[in-house]
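Worksheet: the structure to be examined is printed underneath.
Here it is in structure tokens:
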């Protein structure tokens, strides 16, 4: 068992938690929301059932090839929401691809004076990484399109999202994988989608993982592609002083004509075999219906054990 707390982390700013009567904005900063109007209005209704007011981005249903409007239109919606003091959270309608194209078009001056929650996963990892470097916590959680899943399959997803945005403590206990590398560590939680983390390398949005616990999820990749991205992170020093690793869902792995020859768990362990930190597999977050909310930039205690493992967020 590994027991350690590595490096004291500077505490990030926690945006104000939501209260009934607060306003949130649903935006589409990346992929197109084609024929998804009914879905977004169901997401709006969900938030309203919690006593929140909801506005939609002016360009949310725009269509520009792959994207929900042009880069400038998506940036305009995001900038307006960042600057509007009445909006307390920005909830992404969906991911897809495109967030990285608007990151550098935004002015975060007002946001840093009045931080608010940025919420989403997958492609929204670009925002998580960038805003983490600005010193503000963000929320890795369900998006508007998540309500398209079968209601019974997203009970925990919705419940954890509600707990997170209203400021109750997040803590999870999950069955332990036989592949887990045991240990107990504390540190800031960072990470997100593997492809997006890899794409941030070498930019001012690259995450510093020194003393931090890294969460990774992915969907629709070949095993060799997952290995390539992990090797890229490794060569960039991501694991050198990392405190721990949490592997979420790695879903819908593509079949390659040449077999990889090992499980995805063993692939990950082979990449980090020389590092002395705990590794947790099968955490329920990512592109599957059961997608538990996480707060990036928040200190957690990660306990990776034999029968059960846990992630407990600092209050």
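Numbering (the UniProt record's numbering), first residue to last: 1 to 315.
Beta carbons: idealized from backbone N, C-alpha and C, even for Gly.
- Residue 212 is positioned such that its CB atom lies no closer than 7 Å to that of residue 164.
- Comparing alpha carbon positions, the residue from 160, 55, 30 closest to residue 98 is 30.
- Bounds of the alpha helix (DSSP H) holding residue 230 are 223-235.
- A direct Cα-to-Cα measurement between residue 26 and residue 56 gives close to 5 Å.
- If you draw a straight line from the Cα of residue 53 to the Cα of residue 315, it is about 26 Å long.
- In the structure shown, residue 174 adopts extended strand secondary structure according to DSSP, grouped into three states.
- Under the rule that a run must span 3 or more residues, the beta strand (DSSP E) segments found entirely inside the segment 97-177 read 117-120, 138-140, 171-175.
- In terms of CA proximity to residue 63, 32 leads the group 256, 169, 32.
- The Cβ atoms of residue 174 and residue 309 sit closer than 7 Å to each other.
- According to DSSP, residue 250 shares a beta bridge with 218.
- Here the segment 187-196 lies against the segment 115-124, with 3 or more beta-carbon pairs under 8 Å apart.
- Apart from the 5 residues on each side of it in sequence, residue 281 sits with its Cβ closer than 8 Å to the Cβ of 177, 179, 180, 247, 265, 268 in its chain, given in chain order.
- Residue 10 and residue 132 have their C-alpha atoms roughly 12 Å apart.
- Only residues of its own chain outside the window of five on either side were considered, and among them 209 have a CB closer than 6 Å to the CB of residue 238, listed in chain order.
- Per DSSP, reduced to three states, the secondary structure at residue 58 is coil, with no helix or strand assignment.
- If you check the CB distance, residue 290 and residue 109 do not come in under 7 Å.
- Three or more beta-carbon pairs drawn from the segment 37-44 and the segment 130-147 are found closer than 8 Å, and the two stretches are therefore classed as touching.
- Taking C-beta separations shorter than 6 Å and ignoring five residues to either side along the sequence, the partners of residue 293 in its chain run 141, 160, 161, 164, following chain order.
- Between residue 88 and residue 22, the C-beta spacing is below 7 Å.
- Judged by DSSP in its simplified three-state form, residue 12 adopts coil rather than helix or strand.
- Considering only 189, 261, 84, the residue with the shortest C-alpha distance to residue 224 is 261.
- Shown here for residue 229: same chain residues with a beta carbon closer than 7 Å to its own, the five before and five after excluded, namely 194, 195, 198 in chain order.
- For the options 71, 95, 302, 69, the alpha carbon positioned closest to that of residue 214 is the one of 302.
- DSSP places residue 209 in no beta strand (DSSP E); its state is neither H nor E.
- Residue environment: residue 286 is assigned as buried (16 or more neighbouring CB atoms within 10 Å of its CB, all protein chains considered).
- Contact check for residue 207 against residue 129 passes: the beta carbons are separated by less than 7 Å.
- Judged by their CB atoms, residue 75 and residue 105 are nearer to each other than the 7 Å cut-off.
- Judged by beta-carbon spacing, residue 51 lies beyond the 7 Å limit of residue 85, meaning their Cβ atoms are not closer than that value.
- Per DSSP, the unbroken alpha helix (DSSP H) holding residue 44 starts and ends at 37-49.
- Excluding its 5 nearest sequence neighbours in each direction, residue 12 has C-beta neighbours in its own chain below 8 Å: 132, 135, 136, 137, 188, 297, 298, listed in chain order.
- Spatial neighbours of residue 73 in its own chain (CB-CB distance under 6 Å, excluding positions within 5 residues in sequence) are listed in chain order as 59, 62.
- Non-local C-beta neighbours of residue 44 in its own chain, meaning closer than 6 Å and more than five positions away in sequence, comprise 54, ordered along the chain.
- Less than 7 Å divides the Cβ of residue 93 from the Cβ of residue 28.
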